[in-house]
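Below is one structure, written out as structure tokens, with a few remarks after it.
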Amino acid sequence: MGSGVGGKDRAGSPALALFNTMGRKKEPFVPLEPGRAGMYTCGPTVYNYAHIGNLRTYIFEDILRRTLEYNGFKVTHVMNITDVGHLTSDADTGEDKMEEGARREGKSIWEIAAFYTEAFRRDIARLNILPPTIWCEATKHIPEQIELVRRLEEKGYAYLLPDGVYFDTSKFPDYGKLAMLDIEGLMAGARVRPAEGKRSPTDFALWKLTPPGVKRQMEWDSPWGRGFPGWHIECSAMAMKYLGETFDIHAGGVDHINVHHTNEIAQAECATGKRFVRYWLHGEFLVMEKDKMSKSAGNFITLQTLVDRGFDPLDYRYLCLTAHYRSQLVFRRESLDAARSARRSLLERIHAHGAGAGAAGGSAGVAKACERYAARFLEAINDDLNVPAALAVAWELARDSSVPAGGKKRVLLDFDRVFGLRLDAPLPADPNGEIPDEVKALAARREEARKAKNWKEADALREALGKIGYRVEDTPDGPRIFRV
Ligand code: AMP
Ligand code: ZN
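Under my numbering, the residues of the sequence shown are numbered 2 to 485, in order.
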């Protein structure tokens, strides 16, 4: 199916196979409706900026979507925005992350949600991640969530405790199938005390009640009293609203397997009696050299941090493409440097192919060679999104002196429909990228200190620049800043 390079039919080309976490094996992708794919991806909790680990997951999901589209599927991609109900602990205790963010910044929750939603949209645009077909905020779907809890209660899957309505996991024989019943991993009570009165440690909140005498910034009336939805219910309710009770693909990071996605399945399947999702895909984590990156650890890198250090967001995207989505990626400064050089070098090769390069150029032999590269590319991406292998094919073609410039450019830009590296963009002017304003300001302060003969301060500022990767040199034309 689908249209290939230059609109050719892809009949006979390898079908798309995806690794389904449900069952832990690669399966050919056969959608419910021929030619169409419905896909739901868990979006951000908008109480802070996304960190680059989160962004790795959104890049993986973007590659998945682009691969489906490259194969000719018409994709409906739904992404939620969690703006209520995600507690600081998975055990249904702790504070709502949104309340925490609002307190931290002395703003209302609604302001926090609007600000970080916008920041997230900007980040994904900078990473050339295609926006979802449908964005949906949890707070705009409260009636749908209440209705789902009501259905579960009616069917005997819910019970009431003083602090909320809970899902009784013992009533769902398939509970934990996605996580392969790793009870250890499912023990929400392992590190934090579960909410008082839960029948099983794996039971989870469907609706949390506001305690008497408390006024929350975000709360709604419900058949059980004023309160707010549990975190998991929003995804089940919104995914089914926009994609139907059974749909094709659901994706997220691996941390969602044990609790969040396991609970989404329980809620949806017990309410409908139908299979919720046909293909579950999970992206592995980006890890810092030593430990796991998390927002709550307080020490996390955002996309803006990388931009401030002179990187283009697409350098980070390139770095993510160098690892398969099911392998961990260790974040190192040197790897990001290498990704920047590689992306630039690929851009240079495409630009060297010059204007008027649209024609395939050359003989039937050349056309055959281009087709062979395209077939290998398709084989790689269709083998469970093997993008590192696809990138290797692109590089081989870029270096192949037997293929004329025009043909190369045409094929590489076609591959870029999946890579999303904006290979048709103009070359950046400076190989080191722009010097960020923050760095220029530090260098100017150092210059002032030097003029005032305040050597101690000038040295301290030079050292501060060094720490963020810059060196300042005093030249006859004044100080100049270099990236180290
Ligand atoms: P959150 O905003 O915490 O709900 O996370 C948003 C997405 O990022 C989810 O799909 C998580 O699974 C994913 N995620 C969280 N931490 C990382 C990480 N270090 N590397 C990759 N993905 C992550
Ligand atoms: Zn979700």
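For every residue, glycine included, the Cβ atom is placed at its ideal position computed from N, Cα and C.
Item to check | Delimiting residues of the alpha helix (DSSP H) encompassing Val278 | outcome: Premise fails: Val278 lies in the beta strand (DSSP E), Val278 to Gly284, not in any alpha helix (DSSP H).
Checklist entry - For Leu428 versus His352, is the C-beta spacing smaller than 7 Å? => result yes
Item to check | For Thr211, the first and last residue of its enclosing beta strand (DSSP E) | outcome: Here Thr211 belongs to no beta strand (DSSP E), and DSSP marks it neither H nor E.
Item to check | Three-state class that DSSP yields for Cys43 in the structure shown | outcome: coil
Item to check | Own chain residues within Cβ distance below 6 Å of Val255, not counting five before or after | outcome: His283 and Glu285
Checklist entry - Considering only C-alpha positions, which residue in the set Leu392, Pro314, Trp225 and Glu235 is nearest to His52? => result Pro314
Checklist entry - Looking at Asn55 and the ligand AMP, is the gap between the Cβ and the nearest heavy atom below 6 Å? => result yes
Next on the checklist: Beta-carbon distances below 5 Å to any heavy atom of the ligand ZN define the shell here; list its residues in chain order, please.
Outcome noted: Cys43 and Cys236
Next on the checklist: Does the structure place the region 116 to 124 close enough to the region 171 to 181 that three or more beta carbon pairs sit under 8 Å?
Outcome noted: no
Item to check | Ranges of the beta strand (DSSP E) found wholly within the region 75 to 114, counting only runs of at least 3 | outcome: 75 to 82
Item to check | beta-carbon Pro45 near the ligand AMP non-hydrogen atom, thresh 6 Å | outcome: yes
Checklist entry - In its own chain, which residues sit with a C-beta less than 6 Å from the C-beta of Thr278, not counting the 5 before and 5 after it? => result A small correction: the amino acid at residue 278 is Val; Thr does not occupy that position in the sequence shown. Around Val278: His251.
Checklist entry - Relative to the C-alpha of Leu128, which residue among Tyr471, Pro437, Asn455 and Phe420 is closest? => result Phe420
Item to check | Span separating the alpha-carbon of Val6 from that of Glu372 | outcome: Summary for Val6: the model assigns pLDDT 37, below 50, so the residue's position carries little reliability; its value from the coordinates is reported in the next sentence. About 8 Å.
Next on the checklist: Bridge partners for Lys225 per DSSP, in chain order?
Outcome noted: It is Trp, not Lys, that sits at residue 225 in the sequence shown. Trp225 pairs with nothing; no bridge assigned.
Item to check | CB of Pro133 within 7 Å of CB of His87, strictly | outcome: no
Checklist entry - Is Asp97 near the ligand AMP, going by C-beta to nearest heavy atom under 6 Å? => result no
Checklist entry - Using DSSP with H/G/I as helix, E/B as strand and the rest coil, what is Gly495? => result With the chain covering 2 to 485 only, the question about residue 495 has no answer from this structure.
Checklist entry - Is the beta carbon of Phe20 within less than 6 Å of some heavy atom of the ligand AMP? => result no
Item to check | Counterpart residues of Met239 in DSSP-defined beta bridges | outcome: Note: Met239 sits in no beta bridge, so no partner.
Checklist entry - Exposed or buried, which one is Phe483 when buried takes at least 16 other CB atoms within 10 Å? => result exposed
Item to check | Spatial neighbours of Asp309 in its chain, beta-carbon cut-off 7 Å, leaving aside the 5 residues before and after | outcome: Pro437 and Glu439
Next on the checklist: At a cut-off of 6 Å, would you count His257 as near the ligand AMP, judging by its Cβ distance to the nearest heavy atom?
Outcome noted: yes
Checklist entry - Excluding sequence positions up to five away, which residues of its chain have a Cβ less than 6 Å from the Cβ of Lys275? => result Glu246 and Thr247
Item to check | Boundaries of the beta strand (DSSP E) in which Ile60 is found, first to last residue | outcome: Element bounds for Ile60: not the beta strand (DSSP E) but the alpha helix (DSSP H), Ile53 to Tyr71.
Item to check | Beta-carbon proximity list for Gly299, same chain, < 8 Å, skipping 5 on both sides | outcome: Model confidence at Gly299 stands at a pLDDT of 49, short of 50, so the residue's coordinates are unreliable and nothing is read from them.
Next on the checklist: I want to know whether the region 218 to 229 touches the region 59 to 69 - three or more CB-CB distances under 8 Å.
Outcome noted: no
Item to check | Straight-line gap, Pro266 to Gly36 (C-alpha atoms, nearest Å) | outcome: Here residue 266 turns out to be Ile, not Pro, going by the sequence shown. When rounded, the distance between both Cα atoms is 25 Å.
Next on the checklist: Can you find the residues in the same chain that come closer than 8 Å, C-beta to C-beta, to Asp417, ignoring five residues on each side of it along the sequence?
Outcome noted: Arg423, Leu424 and Asp425
Checklist entry - Across which residues does DSSP place Val166 in a beta bridge pair? => result Leu161 and Trp208
Checklist entry - Candidates Lys172, Pro144 and Leu162: which alpha carbon is nearest Leu210's? => result Leu162
Checklist entry - DSSP state of Glu138, grouped into three classes? => result strand
Checklist entry - With distances taken from CA atoms, which of Glu28, Asn49, Ala38 and Phe20 is nearest Leu304? => result Asn49
Checklist entry - Would you call the region 199 to 210 and the region 228 to 246 touching, i.e. three or more CB-CB distances under 8 Å? => result yes
Item to check | Thr89 Cβ short of 6 Å to the ligand AMP heavy atom set | outcome: no
Next on the checklist: So, for Arg496: in the same chain, excluding its five sequence neighbours on each side, which residues have a beta-carbon less than 7 Å away from its beta-carbon?
Outcome noted: This structure cannot settle anything about residue 496, because the visible part of the chain is limited to 2 through 485.
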